[in-house]
Structure formats: structure tokens, C-alpha cells
Amino acid sequence: MTKNTPAKVTDPNFTVTTGPLPASRKIFVESPRFKGVKVAMREITLAPEAKEPPVRVYDTSGVYSDTNAHIDITRGLAKLREEWIEARGDTEKY
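Here the numbering used here is used: position 19 in the sequence shown is 4, and no number is missing along the way.
As C-alpha cells, then:
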């Protein structure tokens, strides 16, 4: 197998957009079937004159819109699934 070598960020002025999105907030909905699995959702506030509750949609923004996340683009993403994958015993680390 070939080893993956991630690209390095070399531009000192490189930035990534982070922070909350307007008129919404990031929430996490726990899976009723799988303990510890939380799905990121976005709760969008509608106009007050609509007199409707907020709308929930799947949030694909990752950690970048989470106000509690510490973002360091040079470190890559957290290995959230690593423990589950290793527990299966059917993979090989390289």
C-alpha cells in the first residue's frame, strides 16, 4: 500500500472561514440507535412574522461553524471514528 502524505499549508496568510452562520445555530442530535453518535444539525430561525418554530436541517459545515471548536487547519480533522474502526479488528494501520 502507498502511504498517504497530506499536503502542507505553506502560505502564512492562509485562513479558513469559521464561526456561526447568520440566523441559525448549530445543534447536535443524539442517535436513538447508536450510543455516542451525534448528528450535527442547523436550527434556522425564521422571520418573527412567520410565527413558526425554527427549521432543523442537516449541517454539512463540519467543525468550522462550531463556536466551541478550536480550529487549527494545519493539524487536520479529528479522528472521530478511529476507535470504532479499530474495535472491528478488520483493518491494518500503516
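Note that CB positions come from ideal geometry on N, CA and C, so glycine has one too.
Just the C-alpha distance for residue i and residue j, rounded to the nearest angstrom, thanks.
i: Ala54; j: Ala35; result: 32 Å
i: Asp75; j: Lys20; result: 22 Å
i: Thr2; j: Glu71; result: 32 Å
i: Pro33; j: Val42; result: 19 Å
i: Ala8; j: Ser46; result: 15 Å
i: Thr(-5); j: Arg73; result: 37 Å
Who are the Cβ neighbours of residue i in its own chain at under 8 Å, not counting the five residues just before and after it?
i: Glu37; result: Leu31
i: Ala63; result: Val48
i: Phe(-1); result: Ile58
Less than 8 Å separating the beta-carbons of residue i and residue j?
i: Lys23; j: Ser50; result: no
i: Pro39; j: Glu28; result: yes
i: Gly4; j: Thr59; result: no
i: Lys(-12); j: Tyr79; result: yes
Which residues in the same chain as residue i place their Cβ atom closer than 7 Å to its Cβ, once the five residues preceding and following it in sequence are excluded?
i: Ala25; result: Lys11, Phe13, Asp44
Can you give me the Cβ contacts of residue i inside the same chain, cut-off strictly under 6 Å, excluding the 5 residues immediately before and after it?
i: Leu6; result: Ser50
(request) Go through the stretch 40 to 69 residue by residue and report every complete run of the alpha helix (DSSP H) that reaches 4 residues or more, in order. (result) none
(message) Just to confirm the assignment: which complete beta strand (DSSP E) runs, minimum length 3, are found wholly within the stretch 12 to 39?
(response) 23 to 29
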